[in-house]
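Below is one structure, written out as structure tokens; the observations come after it.
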Amino acid sequence: MPGEVPLRGRNLGDLAFKTLLTIAAIAIPALLAFLVWELYLGSKLAIERYGLGFISGTNWDPVAEEFGALPLIFGTLTSAAIALVIAVPLSLGVAIYLTEFAPKWIRQPIAFVIELLAAIPSVVYGLWGIFVLIPLLRTAVFPFLRDTLGFLPLFQGPIYGNSMLAAGIILAIMVMPYIMSVSREVLLAVPTSQREAALGLGATRWEAAWTAVVPYARSGILGAIILGLGRALGETMAVTMLIGNRHEIAASLFAPGYTMAAVIANEFTEAATDIHFSALTYVAFTLFFVTVLVNAAARLLIWRVSRGRPSGGQGV
Amino acid sequence: MKHAVVVGLALAVGPGGEVAAQANLNGAGATFPNPIYQKWFDSYAKKTGVKINYQSIGSGGGIRQFTQGTVDFGATDGPMTDEQIAAVKGNVAHLPTVLGAVVLTYNLPALGATKLKLDGTAIADIFLGKITKWNDQRIAALNPGVKLPATDLLVVHRSDGSGTTYVFVDYLAKVSPEWRTKVGVSTAVKWPTGLGGKGNEGVTQQIKQLEGTIGYVELVYAEANKLRYASVKNAAGKLVDPTLASVTAAASSAKLPKTTDFRVSITNAPGENSYPIASFTWLLVKVDNPDAGKAKQIRDFLVWMVDAEAQKIADDLGYAPLPADVASLVKDRLKVLKAAGKAV
Numbered sequence: 149m150p151g152e153v154p155l156r157g158r159n160l161g162d163l164a165f166k167t168l169l170t171i172a173a174i175a176i177p178a179l180l181a182f183l184v185w186e187l188y189l190g191s192k193l194a195i196e197r198y199g200l201g202f203i204s205g206t207n208w209d210p211v212a213e214e215f216g217a218l219p220l221i222f223g224t225l226t227s228a229a230i231a232l233v234i235a236v237p238l239s240l241g242v243a244i245y246l247t248e249f250a251p252k253w254i255r256q257p258i259a260f261v262i263e264l265l266a267a268i269p270s271v272v273y274g275l276w277g278i279f280v281l282i283p284l285l286r287t288a289v290f291p292f293l294r295d296t297l298g299f300l301p302l303f304q305g306p307i308y309g310n311s312m313l314a315a316g317i318i319l320a321i322m323v324m325p326y327i328m329s330v331s332r333e334v335l336l337a338v339p340t341s342q343r344e345a346a347l348g349l350g351a352t353r354w355e356a357a358w359t360a361v362v363p364y365a366r367s368g369i370l371g372a373i374i375l376g377l378g379r380a381l382g383e384t385m386a387v388t389m390l391i392g393n394r395h396e397i398a399a400s401l402f403a404p405g406y407t408m409a410a411v412i413a414n415e416f417t418e419a420a421t422d423i424h425f426s427a428l429t430y431v432a433f434t435l436f437f438v439t440v441l442v443n444a445a446a447r448l449l450i451w452r453v454s455r456g457r458p459s460g461g462q463g464v
Numbered sequence: 002m003k004h005a006v007v008v009g010l011a012l013a014v015g016p017g018g019e020v021a022a023q024a025n026l027n028g029a030g031a032t033f034p035n036p037i038y039q040k041w042f043d044s045y046a047k048k049t050g051v052k053i054n055y056q057s058i059g060s061g062g063g064i065r066q067f068t069q070g071t072v073d074f075g076a077t078d079g080p081m082t083d084e085q086i087a088a089v090k091g092n093v094a095h096l097p098t099v100l101g102a103v104v105l106t107y108n109l110p111a112l113g114a115t116k117l118k119l120d121g122t123a124i125a126d127i128f129l130g131k132i133t134k135w136n137d138q139r140i141a142a143l144n145p146g147v148k149l150p151a152t153d154l155l156v157v158h159r160s161d162g163s164g165t166t167y168v169f170v171d172y173l174a175k176v177s178p179e180w181r182t183k184v185g186v187s188t189a190v191k192w193p194t195g196l197g198g199k200g201n202e203g204v205t206q207q208i209k210q211l212e213g214t215i216g217y218v219e220l221v222y223a224e225a226n227k228l229r230y231a232s233v234k235n236a237a238g239k240l241v242d243p244t245l246a247s248v249t250a251a252a253s254s255a256k257l258p259k260t261t262d263f264r265v266s267i268t269n270a271p272g273e274n275s276y277p278i279a280s281f282t283w284l285l286v287k288v289d290n291p292d293a294g295k296a297k298q299i300r301d302f303l304v305w306m307v308d309a310e311a312q313k314i315a316d317d318l319g320y321a322p323l324p325a326d327v328a329s330l331v332k333d334r335l336k337v338l339k340a341a342g343k344a345v
């Protein structure tokens with residue numbers, strides 16, 4: 149054919165495009181490495197003075213210049229765990245309902261409204277928490293929990309409102325849209341043949357959903373949960389407004405706590421001494437590693453769950 | 002001919018105005034005086050064309066940026082320490098702008114319209130966690146004839162580092178040796194007891210919602226939100242309400258010497274009318290500024306700021322203005338400012 153250009157390895161447009169994409173792909177890890185380096189530089193003073201004892205220390209005294217981050221690490225992990233315990237069943241239930249059971253006309257509007265929750269700024273969640281959630285928890289929910297489950301150390305002690313549990317609940321509301329909408333997408337991608345096969349074998353709608361659809365999508369669902377977890381670990385503003393901001397490890401969920409992100413937001417602007425500033429950067433450094441560790445553990449979980457098989461079918 | 006002159010004038014003014022708009026001064030620091038600073042800088046720009054940009058990033062950040070030279074002036078609610086001053090080789094002047102005060106606000110419906118009365122020892126014992134009931138003898142003795150409930154007393158403090166906290170704990174350290182040794186003075190401290198609220202609004206929210214709480218907030222904030230606050234017994238043994246007048250009185254009675262560098266704490270000030278939990282807030286400027294143009298602009302602004310007109314604006318916004326004697330000391334102090342070694 150006249151005018152036909154033979155396909156060669158070197159095409160200027162391709163080359164330029166490839167270079168551009170390579171730069172973009174390298175830029176992200178490079179930025180991350182730079183971030184870690186900067187965090188290290190900023191926290192060097194504190195690392196030299198406190199070493200790894202910083203992570204196990206429980207004292208936080210800017211005047212005496214003694215800093216320990218254990219209550220903060222505990223608070224970050226606990227509040228995120230509470231959030232997942234509440235948000236995972238709820239958002240998974242909604243996702244299953246919306247893909248398998250809900251009437252067609254209602255699916256899109258409900259999904260849209262829930263996704264809208266993700267667009268609300270966290271300071272608005274915090275204010276809503278202060279003025280609506282906290283009074284409700286303090287006057288109704290917490291006393292009820294104390295009366296019914298008060299034999300557990302988790303639900304004992306004085307009720308202030310601002311507490312670890314309040315922070316966990318607001319986080320649950322905040323991560324729900326992420327887990328819900330990603331799970332829903334994953335469930336929608338499950339081939340119809342999975343459902344038809346299960347129904348053909350005489351399964352009820354529920355059995356088909358639970359044994360054929362959900363297991364098929366489970367690695368995607370785990371991915372959705374990790375996304376939610378990441379959000380919960382790093383959330384700052386809403387948490388600091390509700391958690392009570394006390395450097396303390398308490399058994400009770402009614403007691404105030406503190407998180408790593410919250411202490412940085414609280415004390416960074418007024419950290420006048422170098423060591424205080426450096427200790428806060430060290431907290432940021434620690435938060436970074438905790439997030440990496442938790443994410444790595446979660447990836448490992450996904451890998452083990454989905455190892456060898458592209459998808460489920462085990463439950464059937 | 003006449004027209005040409007007018008056009009010529011307009012042209013001369015036009016670019017001149019633009020040059021002034023670009024010749025910004027940049028400042029950063031304390032959040033507490035931010036509203037009055039913004040108002041001042043706005044009024045000053047309208048009057049003189051000199052634009053001043055101020056970012057309320059907190060006192061710690063203000064000192065840091067001033068030290069690094071990224072801003073033309075800093076602002077802080079707590080004076081720089083000797084080490085911090087050494088870090089800028091002593092090239093800094095503290096200039097007080099307005100006064101702030103900290104009030105104790107509480108939620109105790111049983112008290113009705115009666116105002117709670119406290120003294121330094123009682124306040125320190127409350128925040129040390131040594132007083133845990135409202136009907137404690139140490140509170141009751143100060144409030145004769147008032148029926149205090151036997152309920153739990155719960156402390157709320159600031160969780161974020163803050164100049165308000167600095168002023169408050171500076172006062173506690175003066176009235177209580179135990180506070181001085183056990184807790185100390187800083188923008189953030191290790192609180193022996195209580196819950197932390199973020200910002201004045203965070204503290205206020207917890208106090209409003211929870212009966213039996215007591216905490217501290219900025220006077221300006223308490224006034225704007227119509228919070229109930231306690232009278233405090235001052236160093237002269239008189240019960241004083243926090244008002245703009247009693248705060249200004251505290252600054253006046255501190256009797257600063259003529260050679261003062263203004264790095265003084267005026268908490269627990271003497272004088273019958275002084276409210277004891279008050280403080281200056283400062284601007285930090287270079288004593289010798291190598292940039293002569295900026296040195297002059299800063300000096301001119303400061304001259305305007307301590308004058309009656311600007312101080313009146315402070316009063317209108319709910320900030321306690323500098324007393325006349327302090328304002329004249331500041332004017333004297335401005336004479337030491339230099340531009341590249343020469344007088345401005």
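Residue numbers (our numbering), protein chains in the order written: chain A, 149 to 464; chain B, 2 to 345.
We put the beta carbon where it would ideally sit given N, CA and C, even for glycine.
Query, Result
"Does the beta carbon of Trp-208(A) sit closer than 8 Å to a beta carbon anywhere in chain B?", "yes"
"Are the CB atoms of Leu-220(B) and Pro-36(B) nearer to each other than 8 Å?", "no"
"I'd like to confirm the pairing. Which residues does DSSP put opposite Pro-97(B) in its beta bridges?", "Trp-283(B)"
"Looking only at its own chain, which residues have a Cβ that is under 6 Å from the Cβ of Ala-24(B), when we skip the five neighbours before and after it?", "For Ala-24(B), the predicted structure reports a pLDDT of 48, less than 50, and the residue's modelled location is therefore unreliable. A value from the coordinates is still provided. Contacts found: none."
"Could you check what DSSP says for Phe-425(A) in three-state terms: helix, strand or coil?", "helix"
"Could you check the C-alpha separation between Arg-465(A) and Gly-405(A) for me, to the nearest Å?", "A question about residue 465(A) goes unanswered here, because the residues of chain A that appear run from 149 up to 464."
"For the pair the segment 221-240 of chain B and the segment 119-130 of chain B, tell me if three or more CB-CB distances fall below 8 Å.", "yes"
"Looking only at C-alpha atoms, which of Thr-384(A), Phe-416(A) and Ala-413(A) sits nearest to Tyr-228(A)?", "Note on residue identity: the sequence assigns Ala, not Tyr, to residue 228(A). That would be Thr-384(A), whose Cα lies nearest to the Cα of Ala-228(A)."
"Which residues mark the beginning and the end of the beta strand (DSSP E) in which Thr-214(B) is found?", "214-219"
"With a cut-off of 8 Å, does the C-beta of Gly-190(A) fall near any C-beta of chain B?", "no"
"Using the three-state DSSP reduction, which class does Phe-74(B) fall into: helix, strand or coil?", "strand"
"Between Gly-200(B), Glu-224(B), Asp-153(B) and Trp-192(B), which has its C-alpha nearest Thr-214(B)'s C-alpha?", "Asp-153(B)"
"On the criterion of 16 or more Cβ atoms from any shown chain inside 10 Å, does Lys-287(B) qualify as buried, or is it exposed?", "buried"
"Give me the chain B residues within the contact set of Pro-219(A), using Cβ-Cβ distance strictly less than 7 Å, ordered along the chain.", "In chain order: nothing, as chain B lies at least about 12 Å away."
"Starting from Tyr-55(B) and walking both ways along the beta strand (DSSP E), at which residues does that stretch end?", "53-56"
"Are the C-beta of Val-190(B) and some C-beta of chain A separated by less than 8 Å?", "yes"
"To the nearest angstrom, how far is the alpha carbon of Met-2(B) from that of Gln-312(B)?", "A caution first: Met-2(B) carries a pLDDT of 40, below 50, which makes its placement in the model too unreliable to give a value."
"Leaving out five residues on either side along the sequence, give the residues of the same chain with a beta carbon under 8 Å from the beta carbon of Ala-164(A).", "none"
"According to DSSP, what are the bridge partners of Thr-106(B)?", "Gly-216(B) and Tyr-230(B)"
"Does the CB of Gln-207(B) have a neighbour CB from chain A at under 8 Å?", "yes"
"Under 7 Å Cβ to Cβ from Ala-250(B), same chain only, skipping five residues before and after it: list those, please.", "Gly-272, Asn-274 and Ser-275"
"Report the neighbours of Gly-61(B) on chain A: residues whose CB is nearer than 7 Å to its CB, in chain order.", "Thr-417, Glu-418, Ala-419 and Ala-420"
"I want to see whether chain B comes within less than 8 Å of Glu-263(A), judged by CB atoms only; does it?", "no"
"Gly-199(A) and Phe-215(A) look like a contact to me (Cβ under 8 Å); what is the Cβ gap, rounded to whole Å?", "Between Phe-215(A) and Gly-199(A) the Cβ distance is about 12 Å, and since that is not below 8 Å, they are no contact."
"If Asp-78(B) sits next to Gly-200(B), beta carbons under 8 Å apart, how far is it from one beta carbon to the other, in whole angstroms?", "Not a contact, Cβ separation roughly 14 Å."
"Assuming Ser-454(A) and Ser-367(A) are in contact, meaning their beta carbons sit under 8 Å apart, how far apart are those beta carbons, in whole angstroms?", "4 Å"
"Could you name the residues of the segment 158-174 of chain B whose beta carbon sits closer than 7 Å to any beta carbon of chain A, in the order they occur along the chain?", "Ser-160, Asp-161, Gly-162 and Ser-163"
"Starting from Lys-155(B), follow the alpha helix (DSSP H) in both directions and report where the run begins and ends.", "Looking at the sequence itself, residue 155(B) is Leu, so the reference to Lys does not match. Careful: Leu-155(B) lies outside any alpha helix (DSSP H), inside the beta strand (DSSP E) at 155-159."
"Are the C-beta atoms of Arg-343(A) and some chain B residue less than 8 Å apart?", "no"
"So, do the segment 78-89 of chain B and the segment 280-299 of chain B have three or more beta carbon pairs nearer to each other than 8 Å?", "yes"
"Please confirm whether Ala-29(B) and Gln-66(B) have their CB atoms less than 8 Å apart.", "yes"
"Closer than 7 Å between beta carbons: that is the criterion. Which residues of the segment 208-220 of chain B meet it against chain A?", "Gln-210 and Leu-211"
"Determine the burial state of Ala-243(A): buried for a count of at least 16 other Cβ atoms within 10 Å of its Cβ, exposed for fewer.", "buried"
"Using a Cβ-Cβ cut-off of less than 7 Å, give me the residues of the segment 375-392 of chain A that come near chain B, in sequence order.", "Thr-388, Met-389 and Gly-392"
"Step through the CB atoms of chain A and report whether any lies within less than 8 Å of the CB of Val-241(B).", "no"
"Any idea which residues DSSP pairs Lys-297(B) with across the strands?", "The partner list for Lys-297(B) (beta bridge, DSSP) is empty, contrary to what the question assumes."
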